[in-house]
Structure formats: structure tokens, C-alpha cells
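What follows is one structure encoded as C-alpha cells, with my remarks underneath.
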Amino acid sequence: MMRLYSTRDVHRMQEGVSFEQAVMRGLAPDGGLFVPENIPSFDPAFFEEKLPNMAFPEIAFSVAAQLLDGAIPREDLQSMIHAAINFPAPVHRLNNSVSILELFHGPSLAFKDFGARFMAQLMAYFNQSSQQELTILVATSGDTGAAVAAGFHGLPGIRVFVLYPEGKVSPFQELQIAGWGDNIHAVKVAGDFDDCQRLVKAAFADHQINRNIRFTSANSINISRLLAQIFYYFEAYKQWISETKGVADKPKLVFSVPSGNFGNLTAGLYAQKMGLPVDHFIAATNANDVFPAFLASGHFKAQTTIATVSNAMDVGNPSNFERIESLYQENTTERSTWNNIRAAIGSLAVSDEDTLDCIQDVFRKYHYLLDPHTAVGVFALEAWKANNPDRSDAHGIVLATAHPFKFREIIEPLIGEELQVPAQAGTMKIATDKHFHIDPDLEYLKKLLLEKTI
Ligand SMILES: *Cc1c(COP(=O)(O)O)cnc(C)c1O
């Protein structure tokens, strides 16, 4: 049975928690992040013989079962995987040395759908035996709330309240939050994202609310979200080996990961630890360059956030850094942890100017559209190759984290064309009976939480 420990409990002095406890709590009591006690690997035959013939949901199931080691009965896990992983992750070959792993075919058009959907399934499952309804409270600047709302919509025994800042999310994002209705309550706050976050924190600390409802957060650091992100690295590898079938001298494989909070990159590192034959990772950031600065200096220093065109990656203090550190620090000193990380991961900060040029350049050459986050990944891959001539024959797979349509205001002027509206964006309307507008004051939120039932 899988046990999990806090990243801050380096010597494993505490007892550790079960997978269920880690999912339902989100954050460890000491403020650290939960990490698995060990990460079991597949034997090489799995990659050569089994993986090539498996469908994506089957791959997801095998990876989850391997990691969870009996924490959830197989049939239950299987049905949750099938409900969560119900859209594809195709690899699109851009040219001879670069492919794009499209992770944006889910309901909110971003990769966060994978993690949010799997987490939603697990929370509903773990709450089944409880007599009490579970309330999920989440503050969002746009993307997370959209993925969480879609993931939890219609799940029994769960109410969701998504707080978002008035006037700060795009009309498309607002529909993705407020268009579901039923058990999804959209709360527009007359304030900014910080006000939303402050309200959520205050609600979690409030005694009256805690006495009356059972609630948890759908935080991006939840271990269940990370697990679901491991699945698609395996899926990408499967597609890549089928494409290069019969090639005698297969190039080495490099993943370039557009990164903000570093959950996606951490999931890739876990996939590698499970035996996936990946040669190297590139952590591609925008101007928020804490991680490349750490690789260069050996010192991790949080920064004030800088606003960029790849705004879902505007993170000045990436929380999953603790998980990466803990993965590489086994029996080592601080300095060799740094060396271990540098050997496994390259990192580059990409300016807005280079990001926009890259979108234009790729569109001209290949008639393929990148969103700004994915463009950061593509640009970083090319730059890394130029800096590392010994690796210039590697094949790079860039994680496409969002659909270009989400950023049409940025992209359309660059290419001089209007974008097609994807199916997911066409049909929603605000569900007015589950849409609320409040001032940033806990009393108003409290009233909603205590009075509204599904
Ligand atoms: C959240 C997000 C990222 C950053 O992912 P992390 O796992 O936080 O590093 C990148 N691109 C998009 C579009 C996102 O929504």
C-alpha cells in the first residue's frame, strides 16, 4: 500500500499518510507537499512489448495501479480512469526533430483538465462512505477554476464553489466556470485574485463554517493531479515509438515543459523514475526565472511575479520545487542535490518578444498554431539544442499546455487571421441560478456556503 510523506519531513520522522488522506488533505500538516514513499518502476519489457499496444486509458490505468499499489480496488480505479481520461492526447510532428504533445482537447482546453478530472473522481469516490456532503472551495485567476468546474460537474455528494475576480477573466473562461450550473456555484468577487484567495483562506479558518460543513480545497498541489499528469508522458512515448518503428538508431528523447508551478515537470520526472526512457527534460519558463536562476547558482530564491503573455506561468515561487528537490536529494548533500538536478534538467527563460516571434515563425513554416505557453516550450527547446551541440540530434517533444483559441486576442493579430472556434467553446451559457456576485467580505461567502444546497 502506498504511503506518502511531507517534503519537509526529510528523514521520514512522521508516520506518513495513506493515499486517501493525502488526496483529501491536499497540503501536509507541516506545510509541505505530499510525495510517495517510493516510485515503483516498470521493467523494460513493459515499454517494449506491452505499451505499444495499449490504448490511452489502459496506459493510465497501468501507471496508476503501479503507483497506488492496491490503495484502490482495480475495478474502482478502472472506472474512475475511464471517466477522467476521456479525451485524447495526440502527438503532432512539427518537423524531423520536434513534436508537439497536444494536451488541450479536454473541456477547458488546457492540460489542467487531466489533473482536475482525476482528482474530482477520487474525491467523489473517497467521500462516498461519508454521510456528509463535501464542499470544494477554490479561488482561481481563470484556468484552474475552469478545469475544476468541468471535472466536478455532476459528481454526486459534492458541491463546488469557484471564486473568480470580476473583470479579470476572459468571457470564455467565465463561461467555463459559470456555465455548468447544478453542483457548480460560480462566485464572482468584486476584487482581484488576491481577494479571492484571501476569502478562501478565511473560510477555511472560520469556526462556524467548519462546524457546519465538510470542506476541502481543489489545490493545484494535490498529489492526485500530479499522478494524472504522469499518464500522458507514457502516451506520448507510445506514439513516438510507433512513429520511429524500424528506425535503427533512434534519437534520444527530450521533453520540453512550459512551467509555472512545476507540477507538469514533476510529473515527467516521476514518469522517468518509473522507467520511461527519457534522456532529458527542459524546464521552459517565461520572465519568471526562479528555476533557471537556481540551476545557474545553486540557490533557490523566490521572486515577485512578473506579468507576461504566458500568464498561467507567471509564478514567482513555484511550489512543486520542493517535490523536485526531494526527488533528487536522497542521501546527498545540498550541493550534490543541485548537481543531480542540473544533470537531469536544463532550463531557460524566454522573453515575451521571443514567444510571440516563435508563434509567428511556426505558423509561417508549418501552418501550425502554438498558444503562448507552448511557444515558450518550443523556443526553449530550440535554444537549448543550440547551446548543447552534443545533443543536437535528440528528438524533442514539447507539451502543448493550452489550446491557441484561449489566447485568440494575442494570436489573431500575429497571424492576421481569425481562429476557428473549438467545439468546447460554442455551446455554454451562464447558469444564472448558480451564479453569484459578492463583495470581498467573508460574511457574504459564509452566507452562500451555509445556505445554498445543491
Ligand atoms: C498551469 C499552466 C502551466 C504551468 O503548469 P505547471 O504545472 O504549473 O508548471 C502552463 N501552461 C498553461 C496553459 C497552464 O494553464
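Position one of the sequence shown corresponds to residue 22 (our numbering), numbered consecutively onward.
Where a beta carbon is used, it is the ideal one built from N, C-alpha and C, also for glycine.
Return yes when the C-beta of residue i is under 7 Å from any heavy atom of ligand 1, and no when it is not.
i, result
"F283", "yes"
"S280", "yes"
"D164", "yes"
"H394", "yes"
"A305", "no"
"T422", "yes"
"M144", "no"
"L348", "no"
"A239", "no"
"L286", "yes"
"A323", "no"
"T370", "A quick correction: the sequence has Ala, not Thr, at residue 370. For ligand 1, not one heavy atom lies less than 7 Å from the Cβ of A370."
"A171", "no"
"K133", "yes"
"A333", "yes"
Near residue i, what residues of its chain come up, given a Cβ to Cβ distance below 7 Å and the 5 sequence neighbours on each side ignored?
i, result
"Q218", "A160"
"L130", "A423, H424, F426, K427, P443 and Q445"
"E123", "A110, P111, H113 and A421"
"P177", "A145"
"A104", "Q142"
"Q152", "none"
Would you list the one or two residues that DSSP bridges to residue i?
i, result
"R33", "Bridge partners of R33: none, in fact."
"I537", "Residue 537 lies beyond the range of the chain shown here (22 to 475); nothing can be said about it."
"F225", "DSSP lists no partner for F225."
"K209", "Y185 and H458"
"R24", "S39"
"G417", "V119 and V275"
"R180", "T156"
"L48", "L54"
"A131", "A423"
First and last residue of the alpha helix (DSSP H) that includes residue i?
i, result
"H166", "Going by the sequence as given, residue 166 is Gly instead of His. Per DSSP, G166 belongs to the alpha helix (DSSP H) from D164 to F173."
"V376", "Correcting the residue identity first, residue 376 is Thr in this sequence and not Val. T376 -> alpha helix (DSSP H) spans D373 to Y387."
"T395", "P393 to N408"
"E69", "Where E69 is concerned, there is no enclosing alpha helix (DSSP H), given that its DSSP letter is neither H nor E."
"Q293", "G284 to K294"
"M101", "R95 to A105"
"A6", "In this structure the chain extends from 22 to 475, so residue 6 is not present and cannot be described."
"R344", "F342 to Y349"
"L297", "Note, L297: premise wrong, no alpha helix (DSSP H); not H, not E."
"S245", "I244 to E264"
"F77", "F77 to L89"
"Q445", "A444 to G447"
"F193", "P192 to A199"
"R429", "R429 to I436"
"E439", "That residue, E439, is in no alpha helix (DSSP H); it is neither H nor E in DSSP."
"L466", "L463 to E472"
Can you list, in chain order, the residues of its chain with a C-beta nearer than 8 Å to that of residue i? Leave out the 5 residues immediately preceding and following it.
i, result
"K450", "L196 and G200"
"N282", "S241, I242, V336, P339, S340 and N341"
"G284", "G136, S241, I242, R246, L247, Q250 and N341"
"A452", "A199, G200, W201, G202, D203, I205 and A207"
"L402", "V119, V275, S277, I303, A305, G417 and V419"
"A171", "G127, P128, S129, D134, A137, R138, Q197 and W201"
"L435", "L377, I380, Q381 and F384"
"D460", "V210, A211 and G212"
For the beta strand (DSSP E) holding residue i, just list the boundary residues, first then last.
i, result
"I121", "V119 to E123"
"S238", "R235 to S238"
"H113", "V112 to R114"
"P57", "F55 to P57"
With a threshold of 6 Å on Cβ separation, who are the neighbours of residue i within its own chain once the five nearest residues in sequence on each side are excluded?
i, result
"T156", "R180, I234 and F236"
"G163", "V190 and Q194"
"F182", "L158, H206 and V208"
"A17", "As displayed, the chain neither begins before 22 nor continues past 475, which places residue 17 out of reach and without an answer."
"I327", "A308 and N309"
"P272", "D414, A415 and H416"
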